[in-house]
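Each position in the sequence shown, counted from 1, maps to that position plus 10 in our numbering. The C-beta atom is built at its ideal place from N, Cα and C for all residues, glycine as well. Here the structure is laid out as structure tokens; the discussion comes afterwards.
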Amino acid sequence: MAEEVLIEPNGKSRGHLTSSLLAVAFLSSFGSSMLYGYNLAVVNSPAQYIKDFFNQTIVRRNGSGVDEETLTLMYSVTVSIFAIGGLVGSLTVGMQVTRFGRKGTLVHSTVLVFIAGGLMGFSRLCGSPEMIIIGRFITGIHSGIALSVVPMYLGEIAPKNLRGFLGLVPSIFICIGVFIAQILGLHEILGKEEHWPLFLSLVVVPTFIQLMLLPWFPESPRYLLMEKRNIHATITALKWYRTKSNIQAEVEEMQEEQRSLSSMDTVSVLQLIRDPSVRWQLITVIVVNAGMQLSGIDAIWFYTNTIFENAGIPAPQIQYTTVGTGAIEVIAGLVGCFTIERVGRRPLMIGGFSFMGLCCAGITFSLMLQTHLPFMRYISVACVVGIIAGFCIGPAGVPFLMTGELFTQSNRPSAYIVGGFLNWISNFTVGFVFPFLQMSAGAFCYLVFCGVCVGVAAYVYFIIPETKNKTFVEISEMFASRNACEIENQPLGTNDQLKLKKMNGYGALVCVDVEKMDRIEK
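Set out below in structure tokens:
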């Protein structure tokens, strides 16, 4: 098969978006990332039905029901246990991706979804609220794994000029998951009392499709070469994903990264924290991942219905308005995905967080003034839509992409553990603290989120360099001066340089004497 090499003006090879790359991005995101968004929103519509089921079960067991506060507490546990599961799942990522690989981890973790779907789907038949809570916890574990592994997998199989585009595909599917849950939760579809067990258990459908198709795709070439040292599997994987690009150039880039590492063993989280050569990369991961959740996006979803009610939207119509905000999420995510390789990571992060900060301040002032100025109610609705759009266009997906880009192969799994842990613990903190913050500060609580958004935007502007179209080694070199260290990079000797040779339609890496090859070619 002839290889078409795309050359940039600077003489470097440029990757091509192939059907295989697109298919594996869609499959991994469809069966993993989308479930995170779906599980975030799926419990909103049937909330009252689930509470009634809890109460009926308690009456049947004990002979008497419980008060509304206890029911609310049980429902809150059902909702928040998802984040606890996500926290647990995120802590297992490093061990799993090292042992099973990136694709292998996604495939193995599907068993969690089938167990959780079965528990939630048969919970009413068995008369067991505990099955719902355990099912939510298990789906949280799966989402904690998927949120880190999918961006890691796509970031490693993507050519550098498409890493941003493919890296934001999971965030689009998260938005699509929320949107699907909102649509299916409408009263006309699955929003009736008899349908809520089916509604919760539908997570098994996309996972089953992923399980049937994803194993046919190759593992990450970087994992195969740099951790498994399997040259032939690496070349086969690259030929699968790079039908129109220069495989030799990419293998040489991986070899360059391999030479820059003092050890190919995956470092632990503690080693990562103690390593001065990645200090600013680690600080960046902490800031952007914590800032993504502390920006107030979860609080906005919590307060959306109240804001819509205050704006005069009739109660029966609010569910359709919420679906409209879900559609805006998807559109904003698509805009970010198709512009990131043009404008870069920094503008999407700075612009997204700045716009969110502006809209958070706008909500505060509109809530304060709407009793005196009725039109301010519509300003508050516009600010909610603005926060959602600003979040989805950049801050929703770029932090996961950035976590993978800022680290080389041996550091990457632990970096995702740190990022995932902070993401989930911040998510849980906002959900737990926000009601108390709202009671004590009222409308001013959104100024806290405004300050977080502006602070993260400033950090990105002053600290983080643009990583668009850069190799992992080049990105490490950009941070080297700030970390006050040098990147180890010993060039290969002339006689040890790697050449890519065609053998029966498949590539193989062989060590050749370059001078001898040059004489033969002449």
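**Item:** Backbone CA spacing between Phe209 and Ala57 [nearest angstrom]
**Value:** Spanning the two alpha carbons is a distance of roughly 12 Å.
**Request:** Verify whether the separation of the beta carbon atoms of Cys402 and Gly346 is less than 8 Å.
**Result:** yes
**Request:** Rank Gln303, Val443, Ser376 by C-alpha distance to the C-alpha of Ile317 and give the top, closest one.
**Result:** Ser376
**Request:** Determine the contact status of Gly47 and Gly154, defining contact as a CB-CB distance below 8 Å.
**Result:** no
**Request:** Pick out the complete alpha helix (DSSP H) segments inside the region 109-183, 4 residues or longer, and give them in chain order.
**Result:** 112-131, 133-136, 139-167, 173-177
**Asked** Using DSSP with H/G/I as helix, E/B as strand and the rest coil, what is Ile219?
**Response** helix
**Item:** Ser278 in three-state terms, based on DSSP
**Value:** Ser278 falls in the coil class under three-state DSSP.
**Asked** Alpha carbon to alpha carbon, how far is Cys463 from Phe365?
**Response** 8 Å
**Backbone CA spacing between Pro475 and Ser491 [nearest angstrom]** = Whole-angstrom Cα-Cα distance: 12 Å.
**Message:** Can you find the residues in the same chain that come closer than 7 Å, C-beta to C-beta, to Ile323, ignoring five residues on each side of it along the sequence?
**Reply:** Thr331
**Message:** If distances are taken between C-alpha atoms only, which option among Thr28, Ile485, Met44, Ser43 comes closest to Glu267?
**Reply:** Ile485
**Item:** Short Cβ contact (8 Å threshold) for Gly10 with Glu229
**Value:** This structure cannot speak to residue 10, because the chain is shown only from 11 to 532.
**Top-ranked residue by Cα proximity to Ile473, from Thr120, Phe444, Leu292, Cys369** = Minimum Cα-Cα distance from Ile473 among the listed residues Thr120, Phe444, Leu292, Cys369 corresponds to Leu292.
**Item:** Opening and closing residue of the alpha helix (DSSP H) in which Gln329 lies
**Value:** 325-353
**Request:** Can you grab the Cα-Cα spacing for the pair Val160 / Thr115, in whole Å?
**Result:** If you take the alpha carbons of Val160 and Thr115, they lie about 10 Å apart.
**Item:** Short Cβ contact (8 Å threshold) for Thr244 with Leu235
**Value:** yes
**Member of Ser119, Gly145, Pro286, Thr67 whose CA lies at the smallest distance from the CA of Ile131** = Before going further, note that residue 131 is Gly rather than Ile in the sequence given. Here the closest residue by C-alpha is Gly145.
**Message:** Among the candidates Val295, Leu135, Met488, whose CA atom is the shortest distance from the CA of Asn421?
**Reply:** If we check each option's Cα against that of Asn421, Val295 comes out closest.
**Request:** Report the rounded CA-to-CA distance for Ile143 versus Phe417, giving the unit in angstroms.
**Result:** 36 Å
**Prompt:** Whose CA, out of Thr88, Val470, Tyr163, Ile190, lies closest to the CA of Pro180?
**Reply:** Tyr163
**Item:** Rounded distance between the beta-carbons of Lys478 and Ile174, thought under 8 Å
**Value:** Before going on, a small fix: residue 174 reads as Gly here, not Ile. The Cβ separation is near 6 Å, so the contact holds.
**Prompt:** Should Phe63 and Arg134 be called a contact, given that it needs their Cβ atoms to be closer than 8 Å?
**Reply:** Yes, these two residues count as a Cβ contact at 8 Å.
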